[in-house]
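Take the position in the sequence shown, starting the count at 1, then add 465; the result is the number in our numbering.
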Amino acid sequence: MTFVALAATLALVGTLSGAYYFAMRPVNLKIAVGPQNGDDAKVIQALDQAFIRDHDYVRLRPVLTSDPLASAAAFSAHKVDLAVIRGDLAVPKDAQSVAVLHKDVAVLWVPAKPKAEGETPEAAITKITQLADRRVGVIGHTKANVDLLKAILQQYSIDPARVEIALLPISDVAEAVRNRKVDAFIAAGPPNSKIISEAIAASVRDALEPTFLAIDAADAIATNYPTYEASAIPAGAFGGAPARPENDVKTISYSHHIVARAGMSDTTISAFTRQLFAARQSVIADLPQAAKIETPDTDKDATIPVHPGAAAYVDGEERSFLDRYSDYIWFSLIGLSALGSIGAWFASYLKKDERIANTSQRDRLLDMIAVARGSDSFEELDAMQSEADDILRNTLNSFENGAIEEAALTAFSIALEQFHSAVADRKALLARIPAPAVRNSRPQAV
């Protein structure tokens with residue numbers, strides 16, 4: 466039984482150790498993010514390094530793409546496990562939000578136009594409604610910002626077809642202003658975006674500051690397009706002297722989400738979410754934009770539903786290792802106990818013949834006690850003692866093999882003691898009887 470218990474204990478320890486190893490070994494997740502030199506990619510790469518440095522459970526493998534649209538496509542094609550996507554674009558059907566990486570605002574501005582000699586002055590653009598039949602430059606390479614502009618125009622009852630739209634890199638902004646190729650610009654990014662600041666600075670001509678256009682219909686746009694929110698650009702968000710803008714400007718915003726596939730393990734996503742917000746503090750020192758990372762919206766009517774694993778972290782319901790596997794551990798204990806009992810019964814069954822033989826020998830020993838008390842022969846008594854020695858040897862071997870238990874050994878010891886006492890008493894009696902009366906008597910000592 467001792468060996469069976471030891472084997473069961475070692476099996477349990479091995480099972481628990483193996484379960485803990487497989488449950489806690491690092492998990493590598495591919496995450497699509499773009500563009501390659503963008504702030505989002507830098508933040509994800511910094512988080513990846515922080516996870517490695519802290520020996521965290523979840524590790525990231527960044528897959529760089531051209532833009533959030535390409536990241537969403539990689540996610541939809543099941544090429545990655547996670548992706549950074551724009552909330553105002555088509556969201557993959559099985560995507561669930563893990564965190565909000567940051568929020569972008571729409572920035573509309575009109576560059577100042579110095580009046581040349583002999584030139585007919587144009588009416589100044591101070592409202593979005595005046596963009597009809599004008600030319601608008603969209604900063605960047607993605608058409609997502611074009612769709613953003615169209616949503617704004619439609620809210621103001623402006624047919625997008627009446628607006629000439631051109632995609633412009635930052636390097637072409639100054640030339641477009643100088644040659645009057647555009648009447649206004651639109652860009653989207655974080656309120657402290659370096660790219661937008663550079664684009665605005667490039668649109669300044671002859672020290673004349675641009676005019677920022679407020680999206681006064683932001684609340685209506687947010688109602689009609691749930692992916693957008695009413696927001697504001699803080700005064701001085703884009704630097705400059707005077708501040709750009711000089712006052713808060715009403716606008717709309719949208720979120721960049723880190724999304725995971727709906728079927729991914731809740732445990733893995735909970736761990737990733739916890740690591741994300743723990744590592745954010747160490748990343749902020751080098752990348753201030755990491756401070757914009759927020760928890761996802763856990764409401765059931767959220768535009769992008771939250772992943773259950775992320776919701777568990779946000780709601781403080783994340784389960785520990787024992788919480789997750791306590792049922793398995795409990796059933797393992799019951800199973801091992803049952804196996805131990807079955808093993809003990811089987812071992813006992815295999816030693817049944819040996820146990821029966823030992824019981825027979827013990828009965829023989831008890832019979833020899835009565836025989837010894839009536840024996841008239843020293844030789845007979847010596848033969849029985851020799852037989853008792855053999856029975857003792859066999860009994861001890863059976864005990865060591867586990868065929869008999871300690872209680873049986875104790876009973877045998879009592880019987881053996883009684884036998885030796887009976888033999889000793891009979892020999893003492895025979896020694897006092899006259900020689901002719903004793904068969905096969907030994908010679909008397911002189």
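Where is the CB? At the ideal position from N, CA and C, for every residue including glycine.
Bear in mind that the values here come from a model prediction, so they are computed numbers and not experimental data.
Check                                                                                                                                  : Outcome
Contacts around leucine 881, its chain only, beta-carbon distance under 7 Å, and the 5 residues preceding and following it disregarded : Leu830, Ala853 and Leu857
Coil, strand or helix - asparagine 823 by DSSP                                                                                         : helix
Beta-carbon spacing of phenylalanine 516, glutamine 740 below 8 Å                                                                      : yes
Euclidean distance between Cα positions of arginine 679 and alanine 616                                                                : A small correction: the amino acid at residue 679 is alanine; arginine does not occupy that position in the sequence shown. Their Cα atoms are separated by approximately 15 Å.
Identity of the residue in His722, Ala685, Gly705 and Gln595 nearest threonine 716 by Cα                                               : Ala685
Continuous alpha helix (DSSP H) assignments of at least 4 residues falling wholly in the stretch 621-650                               : 638-643
Sufficient close CB pairs (3 or more, under 8 Å) joining the stretch 527-538 to the stretch 616-634                                    : no
Same chain, Cβ closer than 8 Å to arginine 526, neighbours up to 5 away in sequence not counted                                        : Asn493, Leu494, Lys495, Ile496 and Asp513
Cβ separation of valine 563 and threonine 738, assumed to be a contact under 8 Å, to the nearest whole Å                               : 6 Å
Near the ligand SAH: proline 773 beta-carbon under 7 Å from a heavy atom                                                               : The model on display carries no ligand, and the ligand SAH is accordingly not part of it.
Alpha helix (DSSP H) runs contained entirely in the stretch 676-709, provided each spans 4 or more residues                            : 683-689
Those residues which DSSP pairs with glycine 781 across a bridge                                                                       : Its beta-bridge partners do not exist; DSSP assigns none.
Cβ-based neighbour list, leucine 874, same chain, cut-off 6 Å, excluding 5 preceding and 5 following                                   : Phe864
Asparagine 610 - DSSP class collapsed to helix/strand/coil                                                                             : helix
Cβ-based burial, histidine 722 [other Cβ within 10 Å; buried from 16]                                                                  : buried
Beta bridge counterpart(s) of isoleucine 604 as assigned by DSSP                                                                       : Leu633
Where alanine 767 falls: helix, strand or coil (DSSP)                                                                                  : coil
Three-pair Cβ contact test at 8 Å for the stretch 652-669 versus the stretch 701-709                                                   : yes
Same chain only: Cβ atoms within 7 Å of glutamate 711, ignoring 5 sequence neighbours per side                                         : Ala700
CA-to-CA distance, glutamine 746 to lysine 765, given in whole angstroms                                                               : 29 Å
Assumed close pair histidine 772, alanine 725 - CB separation to whole angstroms, cut-off 8 Å                                          : 5 Å
Chain-order list of residues whose beta-carbon lies under 6 Å from that of alanine 631 (same chain, five-residue window excluded)      : Gly602
Residues of its chain near alanine 555, where Cβ-Cβ distance is below 8 Å and the 5 sequence neighbours each way are ignored           : Ala537
CA-to-CA distance, alanine 868 to isoleucine 807, given in whole angstroms                                                             : 16 Å
Reduced DSSP category for glutamine 914 - H, G, I as helix; E, B as strand; rest coil                                                  : Residue 914 lies beyond the stretch modelled for the chain, which goes from 466 to 911, so this question has no answer here.
Buried/exposed call for leucine 673, threshold 16 Cβ in 10 Å                                                                           : exposed
Neighbour-count burial assignment, arginine 518, 16 or more Cβ in a 10 Å radius                                                        : exposed
Spatial distance of alanine 511 from alanine 744 (CA atoms)                                                                            : 9 Å
Residues sharing a beta bridge with serine 840, DSSP                                                                                   : Paired residue(s): none; serine 840 is not in a bridge.
For alanine 803 and isoleucine 821, the rounded distance between their alpha carbons                                                   : 26 Å
Lysine 558 versus asparagine 644: straight-line alpha-carbon distance, rounded                                                         : 45 Å
Alanine 896 burial status per 10 Å Cβ neighbour count (16 or more: buried)                                                             : exposed
Beta carbon of asparagine 610 nearer than 8 Å to that of isoleucine 651                                                                : yes
Extent of the continuous beta strand (DSSP E) run through leucine 529                                                                  : 523-529
First through last residue of the alpha helix (DSSP H) which encompasses lysine 659                                                    : 659-667
Simplified DSSP state of arginine 551, which is helix, strand or coil                                                                  : strand
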